[in-house]
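Novice: The sequence shown begins at 1 in the UniProt record's numbering and counts up one residue at a time. There's a structure below that I have some questions on.
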Amino acid sequence: MSTSDIPSNRPGSGTDMWGGRFSGGPSAVLQAINASVDIDQRLAEQDIDGSLAHAAMLAACGIISSQDARDISAGLEAIRTDIRAGKFSWSAALEDVHMNVEAALKERIGAPAGRLHTARSRNDQVATDFRLWLRETCARMEDGLRAYQRALVAQAEAHADWVMPGFTHLQTAQPVSLGHHLLCWVEAAERDIGRFEDCRKRLNESPLGAAALAGTAFPIDREMTAKALGFDRPMANSLDAVSSRDFALEALSAATIAAVNLSRFAEEIVLWTSRRFGFAKLTDAFSTGSSIMPQKRNPDAAELVRAKPGRISGALQGLIIVCKGLPLAYSKDLQEDKALVFTAFDDLELAIAAMAGMAADLSFNRKAMEEAAGEAYSDATDLADYVVRELGLPFRDAHHIAGSVVKAAEARGVTLSQLPLEVFQSVEPRIDETVFTVLTARASMESRTSYGGTAPVRVREQCALWRERLAQE
Ligand code: ARG
């Protein structure tokens, strides 16, 4: 908003709320830099919930009359209805969501509205609203990640015995099961969910009643408001309650890590759907065209998910710097927390939904994957393992033998399985024709039956465990 949009010191402006000792009004530029309502109106629902709990508690403790509490509640519910219907007119002159709601309450019910702010401050109010918002938002991220996991598990089950190349350094390494590869991202998402659950546990304490910074002389019941709002307990230190934002830093850290994990699979989707790989296809639902090249099918959503950690980690970094070095207790710097957190979680929510959508949408090219899995001597480790197992040689010696065989195959431009037995025997005479049974990508994949390994039997076990686990959620 431009500063000229804001009328200075008009009746019904912020100065109405605290202007007792002021005679001049704020300059237009002060109003412009101070107002946060464009951003924090997203906390309206939480703000009303907090005020309802506070008013009920004030009445229960005999601080305001029951009649006033009833009027306040009815007024707040009517305001909620207006806001939901888009009929509420937000005023930048009233600074923030808290003062907008309170001013509207005064307009609606008159004098009793002025009693709502007894024994509280916007400092404990905003901290309460923000914790409620993040609690709900973290839970929504967890739900989104569960949907993503379900899509991945369904694909993993359908492709438990499809062979693809496994990579290290993006160089073909050893054959793996496509299902195994996909379950890797299910594991990562599980840790992301765990981080959001941890955030919710730690942030679920109520700042309400800490008032400006020191608590209050009114005989309030903080247990009562904490319980009404679903918090585990009231925060034990009023200074901490109004000044800490590490709960938001923690949520942004979890968001950043989740975004990084998503970006890694997103990058694989970009690679796999490229012509060079040709491993996978996205349908039209997740492909975009080019305005100049008619043949193009671009994986834009995957690329954008790949980019999201830039924005989300930027928000984390931004809030870290806002909070760094702030003395106790509340400082207005803290108003800058919300824009960063809101955009970060908007980004993450979209990224999760896009990845869940693409995970379900992908179809795979069995032949291309299996062919690629057999390329680049991906069975060289299997040859070395064979020499250890069948001839009893130490692995280091076997590694050397297999290396020499690969060198001979490379010189002839053939795969290990295309190499005549005599060549194997010229390197190690005791190798016999049974060696060829281990020299296929499929045999290689199927042989890796160790716990956590890529053999389809193990992958199917994991799929079943995940299916059971996700059904319980
Ligand atoms: N809009 C403010 C914020 O987001 C609310 C708290 C204002 N407190 C104050 N003492 N001015 O932080």
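The beta-carbon is built from N, C-alpha and C at its ideal position, and this holds for glycine as well.
Where do the N-terminal and C-terminal ends of the beta strand (DSSP E) with Gly166 fall, by residue?
Specialist: Run containing Gly166: 163-168, per the beta strand (DSSP E) assignment.
Novice: Can you tell me whether Tyr377 is buried or exposed, with buried defined as 16 or more other CB within 10 angstroms of its CB?
Specialist: Classification for Tyr377: buried.
Novice: Kindly examine the ligand ARG and report whether one of its heavy atoms sits closer than 6 Å to the Cβ of Gln335.
Specialist: Within the cutoff, so yes.
Novice: Shortest alpha-carbon distance to Cys199 belongs to which of Gly215, Leu132, His180?
Specialist: Selected option, being the one with the closest Cα: Leu132.
Novice: Do Asn34 and Glu95 have their C-beta atoms closer together than 7 Å?
Specialist: In contact: Asn34 and Glu95 (Cβ atoms closer than 7 Å).
Novice: Does the stretch 231-239 come into contact with the stretch 346-364, if we say contact requires no fewer than three beta-carbon pairs (one atom in each stretch) closer than 8 Å?
Specialist: Flag = no, the stretch 231-239 and the stretch 346-364 do not touch.
Novice: Could you give the first and the last residue of the continuous beta strand (DSSP E) run that contains Gln171?
Specialist: First-last of the beta strand (DSSP E) with Gln171: 171-177.
Novice: Check the DSSP bridge columns for Glu461 and list the partner residues they point to.
Specialist: Answer is none; Glu461 lacks a bridge partner.
Novice: Which whole-angstrom value is the C-beta distance of Val423 and Leu383, which I expect to be below 8 Å?
Specialist: Contact doesn't hold; Cβ gap of about 12 Å is too wide.
Novice: Checking 7 Å against the spacing of the C-beta atoms, do Pro112 and Ile79 come in under that value?
Specialist: Result no, Cβ atoms of Pro112 and Ile79 do not sit closer than 7 Å.
Novice: May I ask which residues mark the beginning and end of the alpha helix (DSSP H) holding Leu43?
Specialist: Element bounds for Leu43: n/a, residue is neither H nor E.
Novice: Regarding Ser36 and the ligand MG, is the C-beta to nearest heavy atom distance less than 6 Å?
Specialist: As for the ligand MG, it is missing from this structure, which binds only the ligand ARG.
Novice: Roughly how many angstroms lie between the CA atoms of Leu76 and Gly110, to the nearest whole one?
Specialist: The alpha-carbon atoms of Leu76 and Gly110 are separated by roughly 12 Å.
Novice: Buried or exposed: Lys308, going by 16 or more other Cβ atoms within 10 Å of its Cβ?
Specialist: Burial call: buried.
Novice: Use the C-beta contact count for Gln174: other C-beta atoms within 10 angstroms, 16 or more gives buried, fewer gives exposed.
Specialist: Buried, since its Cβ has 16 or more Cβ neighbours within 10 Å.
Novice: May I have the straight-line CA-CA distance separating Ala228 from His181, to the nearest angstrom?
Specialist: Computed Cα separation, rounded: 45 Å.
Novice: Look at the alpha carbon of Met17 and the alpha carbon of Gln155, and state the distance between them as a whole number of angstroms.
Specialist: Answer to the nearest angstrom: the Cα atoms are 58 Å apart.
Novice: Just to confirm, is the Cβ distance from Met445 to Val163 under 7 Å?
Specialist: Closer than 7 Å, so yes.
Novice: If I'm right that Ala258 touches Leu203 with Cβ under 8 Å, what's the distance once you round it to whole angstroms?
Specialist: Between Leu203 and Ala258 the Cβ distance is about 17 Å, and since that is not below 8 Å, they are no contact.
Novice: State yes or no: is the C-beta of Arg122 nearer than 6 Å to some heavy atom of the ligand ARG?
Specialist: Yes, the beta carbon of Arg122 sits closer than 6 Å to at least one heavy atom of the ligand ARG.
Novice: Would DSSP call Ser290 helix, strand or coil?
Specialist: In this structure, Ser290 counts as coil in the three-state DSSP scheme.
Novice: To the nearest angstrom, how far is it from the Cα of Pro234 to the Cα of His54?
Specialist: Cα to Cα, Pro234 sits roughly 13 Å from His54.
Novice: Going by beta carbon distance, what residues of the same chain come within less than 6 Å of Glu428, once the five residues before and after it are set aside?
Specialist: If we look at Glu428 and ignore the five residues flanking it on each side, its Cβ neighbours are Ile401.
Novice: Going by the CB atoms, is the gap between Ser206 and Thr256 shorter than 7 Å?
Specialist: Cβ atoms of Thr256 and Ser206: not closer than 7 Å.
Novice: May I ask you to verify whether the stretch 41-48 touches the stretch 120-134, counting CB pairs closer than 8 Å and requiring at least 3?
Specialist: Enough Cβ pairs lie closer than 8 Å, so yes.
Novice: What I want to know is whether the C-beta of Val341 ends up closer than 6 Å to one or more non-hydrogen atoms of the ligand ARG.
Specialist: No, the ligand ARG has no heavy atom inside 6 Å of this Cβ.
Novice: Identify, in the order they occur along the chain, each residue of the same chain with its Cβ nearer than 7 Å to the Cβ of residue 480, setting aside the five sequence neighbours on each side.
Specialist: Limits of the chain in this structure are 1 at one end and 473 at the other, which puts residue 480 out of reach.
Novice: Note down, in chain order, each residue of its chain lying with its Cβ closer than 8 Å to the Cβ of Gly452, except the 5 sequence neighbours on either side.
Specialist: Taken in chain order, the residues that qualify are Arg458.
Novice: Under 6 Å from any heavy atom of the ligand ARG, does the C-beta of residue 503 make it?
Specialist: Residue coverage of the chain in this structure runs from 1 to 473, which leaves residue 503 outside it and unanswerable.
Novice: Any chance the stretch 206-218 sits against the stretch 182-190, with 3 or more Cβ pairs inside 8 Å?
Specialist: Short answer: they don't touch.
Novice: Grab the span of the alpha helix (DSSP H) containing Pro327 for me, first residue to last.
Specialist: Taken as a continuous stretch (DSSP letters only), Pro327 belongs to no alpha helix (DSSP H), as it is neither H nor E.
Novice: Shorter than 7 Å from the beta carbon of Ala307 to some beta carbon of chain D?
Specialist: Among the protein chains of the structure shown there is no chain D, as only one such chain exists.
Novice: State whether the stretch 284-296 contacts the stretch 323-331, with contact taken as three or more CB pairs (one from each stretch) at a distance under 8 Å.
Specialist: With the cut-off at 8 Å, the stretch 284-296 and the stretch 323-331 do not touch.
Novice: Going by the C-beta, is Val126 closer than 6 Å to any heavy atom of the ligand ARG?
Specialist: True, at least one ligand heavy atom lies under 6 Å from that Cβ.
Novice: Just the C-alpha distance for Phe88 and Ile39, rounded to the nearest angstrom, thanks.
Specialist: Those two C-alpha atoms are separated by around 15 Å.
Novice: Once you ignore the five residues that flank His159 on each side, which residues in its own chain have a CB closer than 6 Å to its CB?
Specialist: Result list for His159: Leu178, Gly179, in chain order.
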